[in-house]
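Numbering (my numbering) for the sequence shown: 7 to 263. For every residue, glycine included, the Cβ atom is placed at its ideal position computed from N, Cα and C. Note that the coordinates shown come from a computational prediction; the quantities given were computed from them, not determined experimentally.
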Amino acid sequence: METFQGTKDYWDASLYDGKHSFVSKYGNSLVELLAPKDGERILDLGCGTGDLAGTLYECGVEVVGVDKSESMVKQAISKYPHIQFFVQDATNLVYDCEFDAVFSNATLHWVQPPIKAVQAIYHSLKQGGRFVAEFGGKGNVQTITAEIIRQIKNSGFEFKAEQFPWFYPSIAEYTKLMEEVGFRVTFAQHYDRPTQLDGENGLSNWINMFGGMLFANIPEHTKGQIIENVENNLKETLYQEGNWIADYKRIRVVGVK
Ligand code: BEZ
Numbered sequence: 007m008e009t010f011q012g013t014k015d016y017w018d019a020s021l022y023d024g025k026h027s028f029v030s031k032y033g034n035s036l037v038e039l040l041a042p043k044d045g046e047r048i049l050d051l052g053c054g055t056g057d058l059a060g061t062l063y064e065c066g067v068e069v070v071g072v073d074k075s076e077s078m079v080k081q082a083i084s085k086y087p088h089i090q091f092f093v094q095d096a097t098n099l100v101y102d103c104e105f106d107a108v109f110s111n112a113t114l115h116w117v118q119p120p121i122k123a124v125q126a127i128y129h130s131l132k133q134g135g136r137f138v139a140e141f142g143g144k145g146n147v148q149t150i151t152a153e154i155i156r157q158i159k160n161s162g163f164e165f166k167a168e169q170f171p172w173f174y175p176s177i178a179e180y181t182k183l184m185e186e187v188g189f190r191v192t193f194a195q196h197y198d199r200p201t202q203l204d205g206e207n208g209l210s211n212w213i214n215m216f217g218g219m220l221f222a223n224i225p226e227h228t229k230g231q232i233i234e235n236v237e238n239n240l241k242e243t244l245y246q247e248g249n250w251i252a253d254y255k256r257i258r259v260v261g262v263k
């Protein structure tokens with residue numbers, strides 16, 4: 007999982023593992039799309055705390071995990087000491103034609119500019135290697151983010167477009183980038199994946215874990231009030247039987263070098 011642009015590491019690796027482990031659980035079906043083969047060398051781009059790299063290792067893969075967050079990488083190393091993990095930026099990977107596949111789950115919506123990441127991925131792959139990724143697509147979590155921004159403005163604060171930390175492309179936009187760089191796109195999908203955020207505090211936990219940058223320069227007590235207003239206004243649409251359901255929309259792509 008990538009950090010936002012800039013240098014601050016916003017991630018709390020323990021909170022991520024404790025309350026947001028669904029991220030890697032959903033990633034298991036992406037591993038099926040990757041179809042890793044014994045002995046392949048695969049880069050897990052945005053490895054977070056290492057769970058999917060662990061799964062790939064169990065499949066007999068020679069896996070390398072990279073993430074921009076130092077705290078995530080530290081946690082990954084302590085959980086999976088037999089796997090190689092490094093702090094690296096997706097737009098500036100150090101690899102040259104050495105992987106059979108680059109695999110990336112729930113990361114590329116954090117990475118700007120996207121073209122630089124697609125170029126670095128292409129460069130990292132051997133000729134004939136594959137790029138298999140899933141991340142937030144156009145309209146992802148829009149019900150939630152639109153309400154947060156509305157509440158920030160209602161509280162008298164400015165919200166600048168640059169504060170929105172995510173890139174949520176359509177498959178047309180993203181596959182165009184892939185083709186520009188040289189990939190042959192063999193698969194692309196944009197689908198709804200309603201995602202359960204466990205318990206009564208599921209939405210506030212999610213906002214606190216992932217939405218920090220939306221609240222830059224807003225005092226803590228106002229932030230708390232804004233989150234409470236968001237919860238109240240979204241309860242009717244997103245709260246069902248004791249859990250919050252976030253309106254995730256994903257894209258999945260496969261490209262061959
Ligand atoms: C996502 O995986 O789509 C996502 C996760 C955290 C914040 C925004 C989007």
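**Message:** Quick check on K43: does DSSP put it in helix, strand or coil?
**Reply:** By 1-based counting over the sequence shown, the position of residue 43 is 37. Of the three classes helix, strand and coil, the one that applies to K43 here is coil, per DSSP.
**Request:** Report buried or exposed for Y174, applying the criterion of at least 16 other Cβ atoms within 10 angstroms of its Cβ.
**Result:** Reading the sequence shown from its first residue, position 168 is the one you call residue 174. Counting Cβ neighbours within 10 Å, Y174 comes out buried, since at least 16 surround it.
**DSSP three-state assignment for Y63, whether helix, strand or coil** = As a first step, residue 63 is located in the sequence shown; it is residue number 57 there, counting from the start. Y63: helix per DSSP, three-state reduction.
**Prompt:** Are the beta-carbon atoms belonging to G45 and M78 less than 8 angstroms from one another?
**Reply:** Start at 1 with the first residue of the sequence shown, and residue 45 comes out as number 39. Start at 1 with the first residue of the sequence shown, and residue 78 comes out as number 72. Taking 8 angstroms as the Cβ cut-off, G45 and M78 do not qualify as a contacting pair.
**Asked** Just the Cα atoms here: how many angstroms apart are F109 and D204?
**Response** Translated into the one-based positions of the sequence shown, residue 109 becomes position 103. Translated into the one-based positions of the sequence shown, residue 204 becomes position 198. Going by the C-alpha atoms only, they are around 27 angstroms apart.
**Asked** Pick out every residue whose C-beta is nearer than 6 angstroms to a heavy atom of the ligand BEZ: which are they, in chain order?
**Response** A112, H115, G142, N146, V147, W172, F216, Y254
**Request:** Given a cut-off of 8 angstroms, decide if A222 and Q169 are closer than it, judged by their beta-carbon atoms.
**Result:** The sequence position of residue 169 within the sequence shown is 163, counting from 1. The sequence position of residue 222 within the sequence shown is 216, counting from 1. Cβ distance < 8 angstroms, so Q169 and A222 count as in contact.
**Prompt:** For the region 193-209 against the region 116-124, are there 3 or more C-beta pairs whose distance is under 8 angstroms?
**Reply:** Between the region 193-209 and the region 116-124 there are fewer than three inter-stretch CB-CB distances shorter than 8 angstroms, so the stretches are not counted as touching.
**Message:** Counting beta carbon pairs with one atom in the region 180-199 and one in the region 233-244, are three or more of them shorter than 8 angstroms?
**Reply:** Three or more beta-carbon pairs separated by less than 8 angstroms are not found between the region 233-244 and the region 180-199, which leaves the two stretches without contact.
**Request:** Check whether the region 88-95 touches the region 132-150, taking contact to mean three or more Cβ pairs, one atom from each stretch, closer than 8 angstroms.
**Result:** no
**Message:** Please give the ranges of any alpha helix (DSSP H) in the region 172-224, keeping only runs that are unbroken, at least 4 residues long and fully inside the region.
**Reply:** 177-187, 208-216
**Asked** Along the chain, where does the alpha helix (DSSP H) that runs through Q148 open and close?
**Response** Locating residue 148 in the sequence shown gives position 142, where the first residue counts as 1. Residues 148-160.
**Request:** Could you work out which residue in A112, I127, G66, L220 is closest to L49 when comparing CA atoms only?
**Result:** Locating residue 49 in the sequence shown gives position 43, where the first residue counts as 1. Comparing Cα-Cα distances from L49 to each of A112, I127, G66, L220, the minimum goes to I127.
**Message:** Given this structure, state the Cα-to-Cα distance separating Y63 from V260, to the nearest angstrom.
**Reply:** The count along the sequence shown starts at 1 and reaches residue 63 at position 57. The count along the sequence shown starts at 1 and reaches residue 260 at position 254. So the two alpha carbons sit approximately 21 angstroms from each other.
**Asked** For W172, which option in I83, T97, F141 has the closest C-alpha, if you only look at C-alpha atoms?
**Response** If you number the sequence shown from 1, residue 172 lands on position 166. Nearest option by C-alpha distance: F141.
**Asked** What first and last residue would you give for the beta strand (DSSP E) that runs through S110?
**Response** To locate residue 110, count along the sequence shown from 1; it is residue 104. According to the DSSP assignment, S110 belongs to the beta strand (DSSP E) that extends over 105-111.
**Prompt:** From which residue to which residue does the beta strand (DSSP E) around L114 run?
**Reply:** Taking the sequence shown and counting its residues from 1, one reaches residue 114 at position 108. Per DSSP, L114 is not a residue of any beta strand (DSSP E), being assigned neither H nor E.
**Closest residue to N207 among A167, G218, W250 (Cα-Cα distance)** = Working through the sequence shown from its first residue, we reach residue 207 at position 201. Among A167, G218, W250, the Cα nearest to that of N207 belongs to W250.
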